[in-house]
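Written out below as structure tokens is the structure these notes cover.
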Amino acid sequence: MTRVFSGIQPSGELHIGNLLGALVNWNKMQDDYDAVFCVVDLHALTLRQDPEVLRKNTIALAQLLMAVGIDPERSVLFVQSQVPQHPQLAWLMECTVSYGELSRMTAFKDKSTRDSTDFVSAGLFTYPALQAADILLYDTDVVPVGDDQRQHIEITRDIAERFNSRYGETFVIPEHRIPPAGARVMDLQHPDRKMSKSEGESPGTVFVLEDLKKVEKKFKRAVTDSDMEVRYDIEAKPGVSNLLSILSACTGTAPEELAAEYEQYGPLKGDTAEAVIEVLKPIQARFEELAADPAETERLLKVGADKAEAIAADVLARAKRNVGLLG
Ligand code: TRP
1 MTRVFSGIQP SGELHIGNLL GALVNWNKMQ DDYDAVFCVV DLHALTLRQD
51 PEVLRKNTIA LAQLLMAVGI DPERSVLFVQ SQVPQHPQLA WLMECTVSYG
101 ELSRMTAFKD KSTRDSTDFV SAGLFTYPAL QAADILLYDT DVVPVGDDQR
151 QHIEITRDIA ERFNSRYGET FVIPEHRIPP AGARVMDLQH PDRKMSKSEG
201 ESPGTVFVLE DLKKVEKKFK RAVTDSDMEV RYDIEAKPGV SNLLSILSAC
251 TGTAPEELAA EYEQYGPLKG DTAEAVIEVL KPIQARFEEL AADPAETERL
301 LKVGADKAEA IAADVLARAK RNVGLLG
């Protein structure tokens, strides 16, 4: 069966952009693929973390993934740091990628020059080598991640090809799969930029675990425009198009088709809020249940890590042998 692998960082709260853009898609893929999903806590360490907060975020993210529908029986769900092959293979990756290639990564350039970054760790620089290890350790065919990860997948493919040509067939070359359209969720206040975990009060970001009354308010206050026509046109009408995209992602109806059903912004905002709330309600309820028993989550994650390690150990052994390390 075709294998998919994806990873998500346990930093900050999950928002509906993550949910509708990535997780709903992961959830569906479980039916047709051999799916491996990873909470990448080692990647989170590339920026400074409070230990207690990191531990809590890691468990909460795993619970949220399960609440969304990731089923630890059907898929492999695990935490990166519990499978030691990840940092081990990452070293081989670091020795197969060049300083120049890593220097050209836009994610590194962005993060290392941000005003809020007062310490640029070496891990932030070698981040793509660890990501390549994550993916290649599972003989992954398909990586379902957003367009922002394009460069990271490209460099993973380059590393795998270089390794294979230097040391013989070792790794499967993975493909990038961008989630279907309609899943592009923009900030409700600044519809020209992606919804993100901004600091402090974030009127443009709707969190998966947010109070549902607040969710409604945020949609009611969403930025639209002044010409009062409901039309799906991302360039000319980014705010309205964003609402239509979100409504579309929740209902499965195409945004153009939805646009025809509305004359005014008010009802569009109301219906979008309602549709999002309907999606969030059962997720929040399930999360509450799971959050009440963190020991059970930790047990499930251990089982997941054992399953992951069984695959990763074979692939690491293959890579070590081919590169000339003693087994
Ligand atoms: N870099 C990814 C992100 O920020 C997270 C990630 C780490 C990942 N390892 C991965 C995604 C492996 C897919 C596959 O979203």
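1 is the number of the first residue of the sequence shown in my numbering; add one for each residue after it. Ideal Cβ positions, reconstructed from N, Cα and C, are used throughout, including at glycine.
Problem set entry | Secondary structure of residue 182, DSSP reduced to three states | Counted from its first residue, the sequence shown places residue 182 at position 182. Confidence at residue 182 is low in this model, with a pLDDT of 48, below 50, so the placement of that residue is unreliable and no value is reported for it.
Exercise. If you run the structure through DSSP and keep just helix, strand and coil, what is residue 36?
Worked result: In the sequence shown, counting from the first residue as 1, residue 36 sits at position 36. Residue 36 carries a strand assignment under DSSP once its states are collapsed to helix, strand and coil.
Exercise. Which residues bound the alpha helix (DSSP H) around residue 114?
Worked result: Against the sequence shown, residue 114 aligns to sequence position 114. Here residue 114 belongs to no alpha helix (DSSP H), and DSSP marks it neither H nor E.
Exercise. If you follow the beta strand (DSSP E) that residue 15 is part of, which residue opens it and which one closes it?
Worked result: One-based indexing of the sequence shown puts residue 15 at position 15. Residue 15 -> no beta strand (DSSP E), and no H or E assigned at all.
Exercise. So is the beta-carbon of residue 226 under 7 Å away from any non-hydrogen atom of ligand 1?
Worked result: Taking the first residue of the sequence shown as 1, we reach residue 226 at position 226. Taking 7 Å as the cut-off, the C-beta of residue 226 does not count as close to any heavy atom of ligand 1.
For this session: Using 10 angstroms around the beta-carbon of residue 289, count the other beta-carbons present and answer buried if the total reaches 16, otherwise exposed.
Result: Stepping through the sequence shown from its first residue, residue 289 is reached at position 289. Around the beta carbon of residue 289, fewer than 16 other beta carbons sit within 10 angstroms, so the residue counts as exposed.
Problem set entry | The alpha helix (DSSP H) enclosing residue 120, as first and last residue numbers | As a working mapping, residue 120 is identified with position 120 in the sequence shown. Segment: none, residue 120 is in no alpha helix (DSSP H) and carries neither H nor E.
Exercise. Taking all protein chains shown into account, do 16 or more other C-beta atoms lie within 10 angstroms of the C-beta of residue 26, making it buried, or fewer, making it exposed?
Worked result: Counted from its first residue, the sequence shown places residue 26 at position 26. Buried is the call here.
For this session: Whole angstroms is fine: what's the gap from residue 161's alpha carbon to residue 55's?
Result: If you number the sequence shown from 1, residue 161 lands on position 161. If you number the sequence shown from 1, residue 55 lands on position 55. Computed Cα separation, rounded: 35 Å.
For this session: Buried or exposed for residue 138, please, with buried defined as at least 16 other CB atoms from any protein chain shown within 10 angstroms of its CB.
Result: Position 138 of the sequence shown, counted from the first residue, corresponds to residue 138. Answer is buried; the Cβ neighbour count reaches 16.
Exercise. Taking Cβ to Cβ, would you say residue 243 is nearer than 8 Å to residue 222?
Worked result: In the sequence shown, residue 243 corresponds to position 243, counting from 1. In the sequence shown, residue 222 corresponds to position 222, counting from 1. In this structure, the beta-carbon distance from residue 243 to residue 222 falls below 8 Å.
For this session: With a 10 Å radius around its C-beta and 16 neighbouring C-beta atoms as the bar for buried, classify residue 66 as buried or exposed.
Result: Here the question's residue 66 lines up with position 66 in the sequence shown. Residue burial is scored here from C-beta neighbours: residue 66 has at least 16 other C-beta atoms within 10 angstroms and is therefore classed as buried.
Problem set entry | Own chain residues within Cβ distance below 7 Å of residue 304, not counting five before or after | Locating residue 304 in the sequence shown gives position 304, counting from the first residue. Around residue 304: 72, 76, 77 and 78.
For this session: Output the distance between the C-alpha atoms of residue 106 and residue 50, rounded to the nearest integer angstrom.
Result: Here residue 106 corresponds to residue number 106 of the sequence shown, with the count starting at 1. Here residue 50 corresponds to residue number 50 of the sequence shown, with the count starting at 1. Whole-angstrom Cα-Cα distance: 26 Å.
Exercise. From residue 182 to residue 202, what distance separates their C-alpha atoms?
Worked result: Your numbering for residue 182 matches position 182 in the sequence shown. Your numbering for residue 202 matches position 202 in the sequence shown. Confidence at residue 182 is low in this model, with a pLDDT of 48, below 50, so its placement is unreliable and the value that follows should be read with caution. Near 22 Å, if we compare the C-alpha coordinates of residue 202 and residue 182.
Exercise. What residues are listed by DSSP as bridge partners for residue 175?
Worked result: Along the sequence shown, one-based indexing puts residue 175 at 175. Assignment of beta-bridge partners to residue 175 by DSSP yields 142.
For this session: With DSSP collapsed to three states, give me the class of residue 8.
Result: In the sequence shown, counting from the first residue as 1, residue 8 sits at position 8. Assignment of residue 8 by DSSP, reduced to helix, strand and coil, places it in the strand class.
Problem set entry | Buried versus exposed call for residue 184 [16 or more other C-beta atoms within 10 Å across all chains shown] | Along the sequence shown, read from residue 1 onward, the residue named residue 184 stands at position 184. With a 10 Å radius around the Cβ and a threshold of 16 neighbouring Cβ atoms, residue 184 comes out buried.
For this session: For the beta strand (DSSP E) holding residue 207, just list the boundary residues, first then last.
Result: By 1-based counting over the sequence shown, the position of residue 207 is 207. Premise fails: residue 207 is in no beta strand (DSSP E) and is neither H nor E.
Exercise. What residues in its chain sit with their C-beta under 8 Å from that of residue 246, if we drop five residues either side in the sequence?
Worked result: In the sequence shown, residue 246 corresponds to position 246, counting from 1. The beta carbon of residue 246 lies closer than 8 Å to those of 16, 20, 185, 272, 275 and 276 in the same chain, with the five residues before and after it left out.
For this session: Please name the residue in 208, 122, 10 and 228 whose C-alpha comes closest to that of residue 285.
Result: As a first step, residue 285 is located in the sequence shown; it is residue number 285 there, counting from the start. The shortest CA-to-CA distance from residue 285 to any of 208, 122, 10 and 228 is the one to 208.
Problem set entry | Member of 270, 7, 298 and 227 whose CA lies at the smallest distance from the CA of residue 36 | Along the sequence shown, read from residue 1 onward, the residue named residue 36 stands at position 36. That would be 7, whose Cα lies nearest to the Cα of residue 36.
Problem set entry | Candidates 125, 179, 119 and 316: closest to residue 28 by CA position | As a first step, residue 28 is located in the sequence shown; it is residue number 28 there, counting from the start. Checked all of 125, 179, 119 and 316; the closest Cα to residue 28 is 179.
Exercise. Does ligand 1 have even one heavy atom less than 7 Å from the beta-carbon of residue 41?
Worked result: Here residue 41 refers to the residue found at position 41 when the sequence shown is read from its first residue. No.
Exercise. Fully enclosed by the region 39-106, which beta strand (DSSP E) runs are 3 residues long or longer?
Worked result: Those beta strand (DSSP E) runs which fall completely within the region 39-106 and span 3+ residues are 76-79.
For this session: On a CA-only basis, which of 327, 319 and 145 is nearest residue 95? Give me that one, please.
Result: Mapped onto the sequence shown, residue 95 falls at position 95. Out of 327, 319 and 145, 319 has the C-alpha closest to the C-alpha of residue 95.
Exercise. Can residue 188 and residue 214 be called in contact, C-beta distance under 8 Å?
Worked result: As a working note, residue 188 is residue 188 in the sequence shown. As a working note, residue 214 is residue 214 in the sequence shown. Against a cut-off of 8 Å, the Cβ pair of residue 214 and residue 188 comes out as no contact.
Exercise. Under a three-way DSSP split, which group does residue 193 fall into?
Worked result: Numbered from its first residue, the sequence shown carries residue 193 at position 193. It is coil, neither helix nor strand.
Problem set entry | Residue(s) in a DSSP beta bridge with residue 3 | Stepping through the sequence shown from its first residue, residue 3 is reached at position 3. Beta-bridge pairing links residue 3 to 34.
For this session: Confirm the yes/no value for this check: CB of residue 190, any heavy atom of ligand 1, distance under 7 Å.
Result: Reading the sequence shown from its first residue, position 190 is the one you call residue 190. Checking every heavy atom of ligand 1 against the Cβ of residue 190, none is found closer than 7 Å.
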